[in-house]
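Heads up: the sequence shown begins at 24 in my numbering, then just goes up one per residue. Each residue gets a CB set at the ideal place from its N, CA and C atoms; glycine is no exception. Here is the structure we will look at.
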Amino acid sequence: DASPWRGVGEPPSPERRDPLTGTGASTAIARVVGNYTGDEDNTFTFTAVQTGVVGGDKQLQVRWSDEQGRSGILNLDALNYAPGEPLEFVDGLALVFSEGEIIVNDNFSFNVRAQRSDLEWWVPEDERTAAIFQPSAWQRQQTEEFGAPVVEGPYTGTEDQEFTLTIQGS
24 DASPWRGVGE
34 PPSPERRDPL
44 TGTGASTAIA
54 RVVGNYTGDE
64 DNTFTFTAVQ
74 TGVVGGDKQL
84 QVRWSDEQGR
94 SGILNLDALN
104 YAPGEPLEFV
114 DGLALVFSEG
124 EIIVNDNFSF
134 NVRAQRSDLE
144 WWVPEDERTA
154 AIFQPSAWQR
164 QQTEEFGAPV
174 VEGPYTGTED
184 QEFTLTIQGS
């Protein structure tokens, strides 16, 4: 039997004007593109400044910083960004964000490796080339508290039961 519980994506109800959306983790997918031109290995961290939808009507910014103390802001609202387009930020690197929601203070990071000198002959050739290691998942996606689906409503059963959540659609 289907439960009367409701979750993310449910239409508005009399008690709730808007559909439920990301009260948990960010859903936009980030990928790094480009050729790293920096002189040192580095780690970049990106943190959402406010909650919003990538390419949406409201202001949406993500702050970046690196191990060298540099930082900047990327604007991801409709006036400044179209989902899927590369957005350059530093050292030949650019980020591409999918459509989706980003939640304030959620963050992800990624590492880059600088080009090594050919004089370092003992290091395998594939480890001497500059490299980009794709971002981790958003930090909140990695936690049970925020990465779990949002489910609301009272359980009206009389016995403990185990439920299986099935995701339909895309």
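Would the beta-carbon of Y59 fall within 8 Å of that of L116? yes
Rank D129, Q184, A105 and V113 by C-alpha distance to the C-alpha of F120 and give the top, closest one. A105
Using only the alpha-carbon positions, how far apart do E150 and R139 sit? 8 Å
Which residue's Cα is closest to the Cα of W161: V127, V135, A153 and P147? V127
Which first and last residues belong to the beta strand (DSSP E) in which T60 is found? Taken as a continuous stretch (DSSP letters only), T60 belongs to no beta strand (DSSP E), as it is neither H nor E.
Straight-line CA distance for G92 to V113? 13 Å
Please report how far the alpha carbon of D64 lies from the alpha carbon of A137, in whole angstroms. 5 Å
CB contact flag (P109, V72, <8 Å): no
How is the beta strand (DSSP E) around F186 delimited, first residue to last? Neither: F186 is in no beta strand (DSSP E) and is coded neither H nor E.
Could you check if V135 is buried or exposed, using at least 16 other CB atoms within 10 Å of its CB as the buried criterion? buried
Residue nearest to V85 in terms of C-alpha spacing, selected from G78, G79, N98 and V76: N98
Please state whether the Cβ-Cβ distance between Q164 and F133 is less than 8 Å. no
Status (buried if at least 16 other CB within 10 Å, exposed otherwise) for T50: buried
Relative to the C-alpha of D129, which residue among T66, T74 and S88 is closest? T74
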